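Those protein sequence lines, which keep their order, are chains A and B.
Going by the numbering used here, 204 is the number at position 171 of the first sequence; the sequence numbering is gapless.
Going by the numbering used here, 226 is the number at position 161 of the second sequence; the sequence numbering is gapless.
C-beta: ideal position from N, C-alpha, C; glycine also.
Predicted model only: the values in this text are computed from it and were never measured.
Here's the structure, in structure tokens; my notes come after.
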Amino acid sequence: MEVSVAGVVTDIHVFIVDDDSGARTSLGRLVSSFSLEVSLFSSGKELIDALPENGRCLVISDVRMFDMPGMEILSWITQHRSEIPVVLVSAYADVDMTVRAMRSGAVAVLRKPYSEEELWDAIRVAVQANDAALSSLEQKTSLLDRLLTLSEREMNVLKCIADGKQHKQCAAELGWSLRTIEKYRAEALRKLGMTSPYELVREFMVAGLTEWPDVREFNND
Amino acid sequence: MTDHSVSDSHLLFSLYEEGPEAFEQLPSGVLTVFPELDFKFKWNSRFAAIWKLPLFPTASRNTITFDDLEKHCSEQTADVPHFQLIPRHLPLTDSGDIFRDSVYLEDGRILHRTIGVADRSDPVTLHCVYEEYSPAQADLLRLQEWNDTFDALPDHISLLDLSGAIVRANRTMRERFEPVHGALEGLDYRLLYCGTATPDPQPPCAQVLSGGPAVEIETELPTMDGMYRVAATPVHDSQGRQWGAISIVADITDEHQLRLASSEQQQQIQELVRSSMDGIIFCDEYGTVSLWNREAENILGWTADEAIGRRLDQLIVPAAAVDQLMNGLARFRREKTGPLIGQRTEVQGRHKGGHLVDVEMSLSAVEVNGRTSACGFVHDITDRIQAHEELESHRDHLQELVDENTDRLQKTVRRLQEEIRIREAVETALRSSEQRLSSVVNNIPESILLLSEQGQVLFANQPPPYSLLTDVLGCKCDDFWPHDAASELKKALYPTDSQAKYCSISLASPVVCADACVEVTTIPIAGQGNSREFILVFRDITAERAQQRERERADTTQAHLSRLHALGEMASNIAHEINQPLTSVTNLASAVRRALRKLENLPPAIEEILGEIINESQRAGNIVHGLNDFARRRPVMRKTINLRECVASTLTLTSNELGVYQTGVTATVPDDICIYADDIHIQQILVNLILNAVQAIDAAGSRHRHIWIEGLVSGLTVKLTVRDSGPGFGETLDSNPLEAFVTTKPQGTGLGLSICRSLTEINEGALTIEDAPEGGAVVTIQLPAATLKTAP
């Protein structure tokens with residue numbers, strides 16, 4: 034069966050964890066044949082130490098390992114490096130375990146022995162997930178960077194408006210004149226490169242940002 | 066002396082004022098007293114003549130005192146006491162008061178005395194003027210006074226002539242009879258008193274009038290009520306011839322009645338005195354007996370005639386007491402009382418016969434007719450005294466006996482008290498010991514019987530725990546002993562081995578009483594005398610047996626389960642182990658195929674062959690999975706389990722092994738931890754882990770044999786760790802002891818931990834192993850908490 038790989042997925046680093054060396058190296062060879070960069074680990078701890086900062090990678094882990102089971106690796110990654118997708122492979126995989134793994138954030142669960150296609154499908158889904166996660170991360174970083182250019186007063190005015198308050202209410206709450214409010218609002222939107230506060234709210238949602246950055250110590254008026 | 070001089074006596078005072086010469090020449094006798102000058106006085110010569118007193122020497126007239134006077138008078142042999150000169154109490158207070166009276170002198174002269182106080186002179190002076198009446202004046206005065214006297218008397222006094230006619234009558238008589246008879250002079254006195262002048266009846270005066278002597282009678286008079294005393298006295302003229310009589314009639318009605326009454330009383334008293342049971346003796350203040358009644362005669366022997374008029378010391382007072390009597394009487398005379406007056410005393414009296422009589426005497430002072438007498442009541446107490454003495458002697462004797470015995474008794478009592486004290490202490494100790502023993506015997510769960518040699522129950526502790534053994538006291542052992550176990554009893558009570566006479570025999574097989582399973586221990590002991598007795602201890606081992614059976618059954622089940630799981634686990638492990646290389650084969654074949662595809666002119670057969678390899682490998686994998694599924698076919702039954710209970714029941718299952726290997730367990734599981742798992746699986750895991758630990762500890766020969774089981778909740782997972790005091794995994798950790806067929810034990814199969822892990826995974830848990838820092842193996846099972854799965 035022909036599998037088209039090149040041009041779609043080329044730049045992702047695949048980390049393979051399995052305490053069974055035969056399974057580990059054979060999987061490594063197969064993934065390598067997809068023209069992907071591969072690193073092999075015999076335990077979860079080694080893997081966690083080796084995970085790269087940039088996050089352009091995915092993890093294929095065996096479930097059953099005596100020092101750190103696959104489920105534990107999965108939960109650690111979803112907590113600390115949620116942008117990295119995890120694929121679990123297991124000789125025992127049944128429906129129950131699969132559901133549990135998927136709920137915990139696994140991209141796919143493969144039962145050994147799996148076919149080349151199953152593996153590739155899983156890798157593709159993982160790459161997509163990684164793409165989305167990284168992009169969200171990037172947007173978040175971009176938004177945060179722009180927000181950090183705001184002064185504290187501009188930030189306060191935007192916060193007030195984003196909460197759905199009218200300019201009068203903002204003026205009353207912050208103790209400034211209506212004119213001042215409008216001045217800061219215009220300046221803030223200009224700095225953010227936006228035309229209205231609704232744009233800001235949308236970007237917040239896309240980036241998955243939940244909190245306003247603290248700018249007090251950087252930009253004082 | 067003239068009337069003039071008498072009436073004008075006060076003039077004398079003025080004369081006297083003229084001077085001493087005039088005083089001396091006054092016609093009246095004058096005594097002048099100076100009360101303020103120690104009653105000095107003086108008198109004139111006329112005074113001395115009237116009173117027939119000697120004349121004072123002129124020089125001393127102004128300075129003489131009464132003392133001097135008395136002295137002077139005694140020298141002059143004149144015996145006029147000075148108090149006759151002046152009345153004792155003069156009713157004179159103020160100057161000018163005059164007191165007058167008459168002084169009757171013994172020689173028949175009558176003096177008129179005038180006393181006045183003159184205070185014109187200083188000092189105050191008392192003048193006493195004495196004038197002598199002439200004899201004719203004196204007679205007249207006397208007659209007048211007599212008349213006055215007679216008139217003043219309450220009695221009828223009359224002077225009668227010899228014919229009985231009244232010559233004169235006094236005022237009382239006149240006032241009584243004149244309203245009836247008119248003037249009394251000349252009336253026959255009999256008319257007045259008898260109502261008739263006839264000679265009959267003759268009043269007492271008649272005898273006197275007819276020449277009889279003076280008479281006095283008490284009589285009733287016909288004309289007057291009441292009782293009268295009539296007295297008559299003859300009256301003679303100067304020649305001694307009787308010319309009449311004086312009659313005095315006095316009303317004595319009251320006196321008479323009083324006398325009558327008192328005589329009756331007296332009779333009563335006399336009778337009382339006569340018949341008294343006490344001797345009654347009256348004596349005067351000199352001890353002379355005036356009354357002596359019959360009982361006194363009886364007691365003292367003297368008759369009344371003999372006694373009355375004699376003195377007590379001559380009669381009844383013993384010689385020894387005479388002085389005492391005399392002293393007592395002397396005091397009685399002085400003070401009207403004495404040492405024995407008003408007392409009741411026991412004394413001895415002298416009987417007429419000479420012997421002494423014991424009497425009780427009470428003396429009292431009695432005043433009769435102005436004379437004081439002593440009255441004694443005497444009672445014979447000889448019998449009483451004798452009885453008393455007898456009693457006394459008895460008492461003394463008794464007292465001696467008592468004294469003698471008291472000492473002995475006191476010693477005995479002291480000894481007894483000491484003995485009682487010791488016995489009480491012993492008894493208290495015994496009682497408390499008995500209570501303690503009884504409490505012990507009654508509170509132990511075993512039923513204890515004491516049997517006699519004949520099999521009779523002598524004692525049963527309370528309460529016997531078995532219904533079969535209630536109310537067995539007094540029964541024979543055969544009554545309640547099961548018949549089918551009779552030979553056991555016989556063996557127990559009468560062991561054939563004579564050496565076992567006093568040793569304990571525990572029955573090999575328990576005697577079954579009703580539904581209970583009982584173990585009986587027989588202990589022969591030495592009873593009273595030479596007999597033997599038996600203590601039978603019944604221990605209820607029903608529960609114990611049930612537990613034992615339960616444990617055996619659980620062990621069997623466990624073993625069966627274990628085998629099943631071991632089989633399944635082995636299949637599962639085989640499947641896994643085969644799947645690994647199959648996976649490798651598939652992966653490698655796929656990789657080769659991908660590599661070959663990049664080559665040109667590849668014979669199509671090669672790709673087909675590779676495809677076959679891959680397909681066949683996957684078929685093999687499917688077959689293995691089928692086997693794996695078959696091995697795990699037992700349906701998993703998960704539910705909410707209390708971890709603490711689960712651990713506790715596991716410890717029960719393993720109690721045998723823990724006991725055999727003498728390994729202690731500390732389980733620390735909070736009560737509120739619940740997991741969602743198949744309890745059979747969890748128990749099997751724990752059993753495996755505990756047995757592993759026990760064997761590992763034993764194999765290493767550790768001195769400290771202990772297992773710690775700890776459960777704690779961490780978020781949604783429950784962590785259960787089993788740690789032991791054994792040597793730990795050590796180097797085995799490198800060879801992954803969780804894999805099947807890896808073992809630290811020489812005889813082990815290497816499946817135990819592996820099975821545990823797969824069972825944990827079936828229950829959605831994870832099992833990890835490590836060595837504890839302080840040594841020993843640690844196995845940690847993580848299982849989902851119950852709340853996660855109980856929510857639908």
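Considering residue i, what are the terminal residues of the alpha helix (DSSP H) in which it resides?
| i | result |
| --- | --- |
| HIS46/A | Run containing HIS46/A: none in the alpha helix (DSSP H); it sits in the beta strand (DSSP E), 46 to 50. |
| GLY724/B | 720 to 725 |
| PRO244/B | 236 to 246 |
| PHE103/A | The amino acid at residue 103/A is misidentified as Phe; the sequence shows Gly. Element bounds for GLY103/A: 103 to 113. |
| THR825/B | 817 to 827 |
| SER168/A | 149 to 180 |
| GLU196/B | GLU196/B -> not in any alpha helix (DSSP H); beta strand (DSSP E) instead, spanning 190 to 197. |
Strictly below 7 Å CB to CB, what residues from chain A border residue i?
| i | result |
| --- | --- |
| SER655/B | LEU63, GLU149 |
| ASN644/B | ALA124, LYS145, PRO146 |
| GLY840/B | Correct list: empty, because the minimum Cβ distance to chain A is about 20 Å. |
| ASN652/B | SER59, LEU60, ARG62, LEU63 |
Taking Cβ-Cβ distances shorter than 8 Å, what residues in chain A pair up with residue i?
| i | result |
| --- | --- |
| PRO668/B | What PRO668/B touches in chain A: nothing, since even the nearest Cβ is about 17 Å away. |
| LEU647/B | LYS145, PRO146 |
| SER720/B | Near SER720/B there are no residues of chain A at all, since even the closest Cβ is about 31 Å away, more than 8 Å. |
| HIS641/B | ARG97, ALA124, TYR125 |
| ARG659/B | VAL36, LEU63, SER66, PHE67, GLU149 |
Which residues does DSSP list as the beta-bridge partners of residue i?
| i | result |
| --- | --- |
| MET426/B | THR410/B, VAL443/B |
| VAL778/B | VAL783/B |
| PHE794/B | Answer is none; PHE794/B lacks a bridge partner. |
| GLY393/B | Answer by DSSP bridge pairing: none, since GLY393/B is not bridged. |
| MET292/B | GLU285/B |
| TYR169/B | ILE175/B |
| CYS348/B | VAL354/B, ALA439/B |
| SER94/A | VAL50/A, LEU121/A |
Taking the beta strand (DSSP E) that residue i belongs to, which residues open and close that run?
| i | result |
| --- | --- |
| ASN707/B | 704 to 707 |
| ILE81/A | It is not in any beta strand (DSSP E) - ILE81/A instead sits in the alpha helix (DSSP H) that spans 77 to 83. |
| GLU283/B | 280 to 286 |
| GLY309/B | 307 to 316 |
| GLU70/A | 70 to 74 |
| ARG597/B | 597 to 605 |
| SER223/B | 221 to 226 |
| ALA732/B | 729 to 733 |
| TRP108/B | 105 to 108 |
| LEU523/B | 522 to 525 |
| GLN847/B | 842 to 849 |
| ALA742/B | 739 to 742 |
So residue i packs on residue j, CB below 8 Å; how close in whole Å?
| i | j | result |
| --- | --- | --- |
| ALA315/B | ALA297/B | With 8 Å as the limit, ALA315/B and ALA297/B do not qualify as a contact, their Cβ atoms being about 12 Å apart. |
| ALA430/B | ILE406/B | 5 Å |
| ILE600/B | LEU515/B | 6 Å |
Quick check on DSSP: helix, strand or coil for residue i?
| i | result |
| --- | --- |
| ILE590/B | strand |
| VAL142/A | strand |
| LEU471/B | The residue you asked about is not Leu; residue 471/B is Thr in the sequence shown. Helix, per DSSP. |
| LEU664/B | coil |
| THR833/B | strand |
| CYS540/B | coil |
| LEU647/B | helix |
| HIS453/B | helix |
| GLU584/B | strand |
| SER867/B | What the structure shows of chain B is the stretch from 66 to 857, and residue 867/B is not part of that stretch, so it cannot be assessed. |
| LEU274/B | helix |
| VAL387/B | helix |
List, in order along the chain, the chain A residues whose C-beta lies closer than 9 Å to that of residue i?
| i | result |
| --- | --- |
| GLU796/B | Simply none; closest approach about 14 Å. |
| ALA831/B | PRO102, MET104, GLU105 |
Under 7 Å Cβ-Cβ, which residues of chain B neighbour residue i?
| i | result |
| --- | --- |
| ARG133/A | GLU829 |
| ASP53/A | GLN645 |
| ALA56/A | GLN645, THR648, SER649 |
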